[in-house]
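With full-length UniProt numbering, letter number 499 in the sequence shown gets 499, and the count goes up by one each step, no holes. The beta carbon of each residue, even a glycine, is placed where N, CA and C say it ideally should be. Everything numeric in this text was worked out from a predicted model, so none of it was measured.
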Amino acid sequence: MSSTRLVSIVIPAYKATYFEAALSSALRQNYDDIEIVIGDDCPDDGIATIVEKLKAKSPWPIRYIRNQVGLGEIGNVTRCVAEARGEYIKFLYDDDVIVPDCIRLLVDTLENTPGVSLVSSRRRLIDKDGDFLPDISATVFPFEGDALLNGPDVVSFWGDHTVNFVGEPSSVLCRRADLLAFGDGIFSLDGQEIDWIGDLAIYAKLLRQGNLAMLARPLSYFRISSEQYSQQARDDQSVGIEWHRKFKELIRHLGWVSDGGDNGVIRVAALSEPGEFRDYDLLARFTKPAESKRVPQQQLQEWLAGRTATAIEMQHIRQRLAALSGGARFLIVLSDPQGQPESVMTTLRSLEQSGPVFEQTRVAVLSSSAERPESSLGERLVWRTTSDAERVAAINGLIGELDFDWLLLADAGTEFTASGLLMVALELLGDHQCRALYADELHRAKDGSLTVALRPDFNLDLLLSFPASMAKHWLFHRDTLLDLQGFDTSCPEIAEFDLILRLLEQGGMAGLGHVAEPICIAEAPLMQDSALERQRIQRHLQTRGYSSAQVDSKFPGCYHLQYGHGERPLVSILIPTKDQLAMVQRCVESLLEQTRYSHYEVLIIDNASETPEAQAWLAGIEALQEEKIRVLRYPQPFNFSAMNNFAAREARGEYLVLLNNDTAIIREDWLDEMLNHAQRPEVGIVGAKLLYPSGRIQHAGVVLGLNGPADHPFIGEAVDTPGHMWRLQVDQNYSAVTAACLMIRRSLYMEVGGMDEEAFKVSYNDVDLCLKAGQAGYLTVWTPHALVLHEGNVSQKAIDPQKQEIKRKRFVAEQAIMYERWLPLLARDPAYNANLSLVQRGGFKLTDNAISWRPLQTWRPLPTLLVHQADMQGCGHYRVIQPFIAMKQQGLVDGALSRGLMHTPDLERYDPDSVVLQRQVGEDRIQAMQRMKAFSRAFKVYELDDYLPNLPVKNIHRSHMPKDILKTLRRGLGFVDRFVVSTDALGEAFSGLHDDIRVVKNRLPTQWWQGLESARRVSARPRVGWAGGISHTGDLEMVGDVVRELANEVDWVFFGMCPENLKPYIREFHPGVHIESYPAALAKLNLDLAIAPVEQNLFNECKSNLRLLEYGACGFPVVCSDIRCYQDDAFPVTRVKNRYKDWVDAIRMHLADLDATARMGDELQKIVLSDWMLQGENLDAWARAWLPD
1 MSSTRLVSIV IPAYKATYFE AALSSALRQN YDDIEIVIGD DCPDDGIATI
51 VEKLKAKSPW PIRYIRNQVG LGEIGNVTRC VAEARGEYIK FLYDDDVIVP
101 DCIRLLVDTL ENTPGVSLVS SRRRLIDKDG DFLPDISATV FPFEGDALLN
151 GPDVVSFWGD HTVNFVGEPS SVLCRRADLL AFGDGIFSLD GQEIDWIGDL
201 AIYAKLLRQG NLAMLARPLS YFRISSEQYS QQARDDQSVG IEWHRKFKEL
251 IRHLGWVSDG GDNGVIRVAA LSEPGEFRDY DLLARFTKPA ESKRVPQQQL
301 QEWLAGRTAT AIEMQHIRQR LAALSGGARF LIVLSDPQGQ PESVMTTLRS
351 LEQSGPVFEQ TRVAVLSSSA ERPESSLGER LVWRTTSDAE RVAAINGLIG
401 ELDFDWLLLA DAGTEFTASG LLMVALELLG DHQCRALYAD ELHRAKDGSL
451 TVALRPDFNL DLLLSFPASM AKHWLFHRDT LLDLQGFDTS CPEIAEFDLI
501 LRLLEQGGMA GLGHVAEPIC IAEAPLMQDS ALERQRIQRH LQTRGYSSAQ
551 VDSKFPGCYH LQYGHGERPL VSILIPTKDQ LAMVQRCVES LLEQTRYSHY
601 EVLIIDNASE TPEAQAWLAG IEALQEEKIR VLRYPQPFNF SAMNNFAARE
651 ARGEYLVLLN NDTAIIREDW LDEMLNHAQR PEVGIVGAKL LYPSGRIQHA
701 GVVLGLNGPA DHPFIGEAVD TPGHMWRLQV DQNYSAVTAA CLMIRRSLYM
751 EVGGMDEEAF KVSYNDVDLC LKAGQAGYLT VWTPHALVLH EGNVSQKAID
801 PQKQEIKRKR FVAEQAIMYE RWLPLLARDP AYNANLSLVQ RGGFKLTDNA
851 ISWRPLQTWR PLPTLLVHQA DMQGCGHYRV IQPFIAMKQQ GLVDGALSRG
901 LMHTPDLERY DPDSVVLQRQ VGEDRIQAMQ RMKAFSRAFK VYELDDYLPN
951 LPVKNIHRSH MPKDILKTLR RGLGFVDRFV VSTDALGEAF SGLHDDIRVV
1001 KNRLPTQWWQ GLESARRVSA RPRVGWAGGI SHTGDLEMVG DVVRELANEV
1051 DWVFFGMCPE NLKPYIREFH PGVHIESYPA ALAKLNLDLA IAPVEQNLFN
1101 ECKSNLRLLE YGACGFPVVC SDIRCYQDDA FPVTRVKNRY KDWVDAIRMH
1151 LADLDATARM GDELQKIVLS DWMLQGENLD AWARAWLPD
């Protein structure tokens, strides 16, 4: 076969679940020159069986390679590429599918387009059943048609934005010679293996050599399932974030990122016109306006439905409320001006979901209709027939007439959530200072679709700038209403907003609360200007002393407040710089030319510039001896904080502006807009809206705890995007803003000590400054009306690795100080919301209910566990998942399961009492555990059920363990409070590694293992069997001769795995099943006798008796190896030495008396079901091991 156009389809196989679909799609290709290379890393015979089944149907040669020892993805891919013979490599992973003309179209494109080193196409997502899933941002094809992309531009793009729009390996085709040139480092960058996003490492190296061709037609289908490695990456957010960071760091270190700060723009040509490259804003295609990025409706409905208390939780809630006289008494006033009884009933029915709170709720309906519907409220339903004009007066009448604690106004048709009022009631218990509060809500559009409005804590500027988002569905305390003499009848359309403003005027922001829980689903607010709102805001500002205030609007309903200050204070603008003449020159010149406000001075802080042109320019400015612009010399090592502190001391202005040298002024009113807020006495710091040169957002406030100590939300959004709750277009309070353009009163800067030049030389100094100002009682305001260009992260070319490592360590140290100083606030940013994720890029995306739905959080009647399982297979279930689920169902604990280790702010936000860490190995996990020890109060438990330092040679997991596993374990155990193991032997083997080692033996989950049905003597010959999986090759090889010897006397039945050389002697082989189906499938083997052979080694000596428990639950009699893991005399099993004769004699003994054998099975079953189930004292013991004494 000629290799000129030969394509090698490389399939690095591990899981058999979807492999047949993948291989079948390869066999359907309509290209004429193919070979298929399969590397089998599967722990059982699942892959081999399917290959054998389909081999005869293949029109092309299939080269099957069985890896005797598991190589892992990297080793398997590398070996397959080395074994391949084709000119081209087409990857196909065992989950995925390619369409019939995939290879033909990709090869034609690669051969007919000069300069292309990688070709891909659009891919579609499919689920476990092969059905199409909706696109995510990375799979939306970002071009109008077939496209040619400049390869180095794509790599530079990834230096800032690791969005894999190219596709997974199954999407691409490339030249084999290019891959061979990478040697064993196919997935490496600069000698370092890249995990989780290793495909990007391959693509980056290929695209440094040539261009990328992308076809618009979907040619591959990428499967999303819980078994995927990439799905585990999505689940394990902490590790994913770290590998994205490392990838970008290495790309930059290699000098593959262009010097412009914004790498979102790349050069693209139509594939039909490959010479016509044009600039293309690629990032903008992944950052569509907020309206097109709404949470998918099904996801939102599931999220809302998941916020319902369990029976155990509701029991505790009822006890809590009953102990405090039932809790708050609510009065819901419904307005029904159109006389629509169905709308009223919709609201009333929704309130019935509120559990015990419903019993404390009265509803008053103000309707134009006298038709009162029947309701389960009974006498707690008050009906008033009134006109809309009399509505507010009627409400005021109800305030004096009815007995209640809290009042909420709503329109008929509003649906209350099951969780909203309940969570409000729980939050209010014991809070006697609250005057009014609000919760979150969902909005229903005219087409019926829902959006979430997850509000921040009380946010003065957001309330005034966008009342529609913040001034509905408040709960007002009755005493407060009486003090304020109710609602103002002169402004019925904005009566609620008016009352909130009067609350502020009466008592400031004290006593105004927020409950981060959706309370209702209401009609989406209308985006329209209201003359009454404008007048009321202006009156409020006048009440606060701003007699010249004006209220304008850029967007309907979004108000631009001008406070009308009369003073014109001097502003000192501080610009640190070193070299980079083009940048600083543009910054200064645009400032001088474009700034309308004239009463300012510019201080350029030169950090010992070295380039002749920069030195000459700075000397020229000094020679001018202008009062308005000065050069200050700072010859010490770079320290951003110290440079600004030095300049602040030299400044003459009443206000300071910290301004980066890579900014440019693009609107003349920028300084006026910042002073508009900075001159307010309650405001300490003002931040601006910063744009990349492409016009997309670089800074729109800072969210604490986002992807670390703090990060920018909305990065890359279009300038006119509304953002969540229109927060990109209106003034609001944030906890922090960036010092790239920040205004602060000089006296306050000095009062709080300026920037901390010891702790934060480079990073987080601005966040720390803002938090110190907030601690001193001042607000930070971000305004979108001060618009400034900012390059952001101006990239350096390849730098010295030692310097890079020094920078990394400095950055990590600064992060640690932020956590030490501010962690409680970083985890609970009042400008954000507890239901929004802290780990998703850009922020303002829903977080998982498992960690955000906490109905018992306010008083915590149960200890809270956070359990990190190592896998979703047997070990993960038996040792952590099922014990945790059983504890929670029995009301022993509260808490959640988490696949990935939480980053530090997320862990603090969840605040568990105890953290369980199962088999966490690897440097990233150890570092995460170190941070956990430093920054979490939780009791930390490490869980292990295998002696990892001595994995058998043939164990498939051996290649995945660190070579220095004992050293790794010793380090990790130094960060935990307790070490829990599964056997006494394992505890002895690990003695000395930890001071508190507890043994908790394996138990069987009752819902899986009780009531199993199994039959005996269903075949002509006795059925003798074995069950097991991924790590038992050596055990079975040990009894191989026994299997052969007895093949004519028994029907051998193997379940899960069978070595190839034993298959001729096996009557039945049953492939592995999902763990939840395993118990029933095992019982249905109908074995007359089960065997449990294990090799004699320390690893197996330390194992548990789990296999005996499983066999026993099914009623199987057992012959097992006589080694420590099976030597519990309480079990009626037959133990034998690992000698051929002993095994054969023992099995024949049982065959000779099947009645006695069956009785042994019954006795074993009785013992297992009586003493070894995950219930009662066994479950209590597990809980004790996971919780502090």
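query, result
"For the stretch 838 to 847 and the stretch 857 to 875, state whether three or more C-beta atom pairs, one from each stretch, are separated by less than 8 Å.", "no"
"Which of the three DSSP states is assigned to Asn733 in this structure?", "strand"
"Among the candidates Thr17, Leu948, Ala84, Arg285, whose CA atom is the shortest distance from the CA of Asp95?", "Thr17"
"Can you check which of these residues, Lys248, Ser120, Gly75, is closest to residue 1191 by C-alpha distance?", "Lying before the first or after the last residue shown, residue 1191 is absent from the chain, which here runs from 1 to 1189."
"Based on Cα-Cα distance, which residue from Asn733, Leu1004, Ala647, Pro456 lies nearest to Ser1170?", "Leu1004"
"Hey, could you find the ends of the beta strand (DSSP E) Gln550 is sitting in?", "550 to 555"
"Do the stretch 111 to 118 and the stretch 37 to 48 touch if we need at least three Cβ pairs shorter than 8 Å?", "no"
"In its own chain, which residues sit with a C-beta less than 8 Å from the C-beta of Glu668, not counting the 5 before and 5 after it?", "Gln594, Thr595, Arg596"
"Take Gly684 as the anchor and find which of Asp766, Glu589, Gln615 has the nearest alpha-carbon.", "Asp766"
"Going by DSSP, name the residue or residues bridged to Ile697.", "Leu691"
"Could you have a look at Asp279 and say whether DSSP puts it in helix, strand or coil?", "strand"
"Could you pull out every unbroken beta strand (DSSP E) segment of at least 3 residues lying fully inside the stretch 172 to 211, listed in chain order?", "173 to 175"
"Look at the Cβ atom of Leu283, then the Cβ atom of Arg696, and state whether they are nearer than 8 Å.", "yes"
"Specify, as a first and last residue, the run of the alpha helix (DSSP H) that Val119 falls within.", "No alpha helix (DSSP H) contains Val119, which is instead part of the beta strand (DSSP E) from 116 to 126."
"Assuming Met1067 contacts Asp1051 under a Cβ cut-off of 8 Å, what Cβ separation, rounded to an integer in Å, is found between them?", "Reading off the sequence, residue 1067 comes out as Arg, not Met. Arg1067 to Asp1051, Cβ: 4 Å. Contact."
"Below 8 Å between beta carbons: does that hold for Ser837 and Glu757?", "no"
"How about Asp33 and Arg63: do their beta carbons lie closer than 8 Å?", "no"
"Excluding sequence positions up to five away, which residues of its chain have a Cβ less than 6 Å from the Cβ of Ser8?", "Glu35, Val37, Ala84, Gly86, Ile89"
"From the DSSP output, in three-state form, read off Pro289 for me.", "Reliability of the predicted coordinates at Pro289 is poor, the pLDDT of 42 falling under 50, and the value obtained from them is presented with this limitation in mind. Coil."
"Between the C-alpha atoms of Ser25 and Asp160, what's the straight-line distance to the nearest angstrom?", "36 Å"
"Figure out for me which residue from Leu324, Arg502, Arg1124, Tyr764 has the closest Cα to the Cα of Leu986.", "Arg1124"
"Going by the beta-carbon positions, is the gap between Met1160 and Pro1117 smaller than 8 Å?", "yes"
"Identify the residues that DSSP records as bridge partners of Phe497: which are they?", "Per DSSP, none; premise fails for Phe497."
"For Leu892, collect the residues of the same chain with a Cβ closer than 6 Å to its Cβ; drop the 5 residues on either side in sequence, then sort them by chain order.", "Ala1183"
"Beta strand (DSSP E) containing Glu352: first to last residue?", "From DSSP, Glu352 is part of no beta strand (DSSP E); its letter is neither H nor E."
"Considering Glu52, what are the terminal residues of the alpha helix (DSSP H) in which it resides?", "46 to 55"
"First and last residue of the beta strand (DSSP E) that includes Tyr438?", "436 to 444"
"Assess, as a yes-or-no matter, whether the stretch 266 to 282 is touched by the stretch 132 to 150 under the definition of 3 or more beta carbon pairs within less than 8 Å.", "yes"
"Can you tell me which of the three DSSP states His316 falls into?", "helix"
"Look at the alpha carbon of Leu421 and the alpha carbon of Ile519, and state the distance between them as a whole number of angstroms.", "6 Å"
"Could you say which of Leu402, Ser465, Asp977 lies nearest to Met725 if we only look at CA atoms?", "Ser465"
"Since Ala1113 and Trp1026 should fall inside the 8 Å C-beta cutoff, what is the C-beta to C-beta distance between them, to a whole number of angstroms?", "Rounded, the Cβ-Cβ distance is 16 Å, inconsistent with contact."
"Just checking my contact of Val980 with Val1024 at CB under 8 Å: how many whole Å lie between their CB atoms?", "Rounded, the Cβ-Cβ distance is 36 Å, inconsistent with contact."
"Assuming Gln331 and Arg435 are in contact, meaning their beta carbons sit under 8 Å apart, how far apart are those beta carbons, in whole angstroms?", "The sequence given here places Leu at residue 331; Gln does not occur at that position. Not really, about 16 Å apart at Cβ, beyond 8 Å."
"Identify the continuous alpha helix (DSSP H) that holds residue 1202 and give its terminal residues.", "Summary: the structure shown does not reach residue 1202, with the chain confined to residues 1 through 1189, and so no result is reported for it."
"Please go through the same chain and pick out, in chain order, the residues whose beta-carbon is closer than 6 Å to the beta-carbon of Gly198, but skip the five residues on each side of it.", "Phe187"
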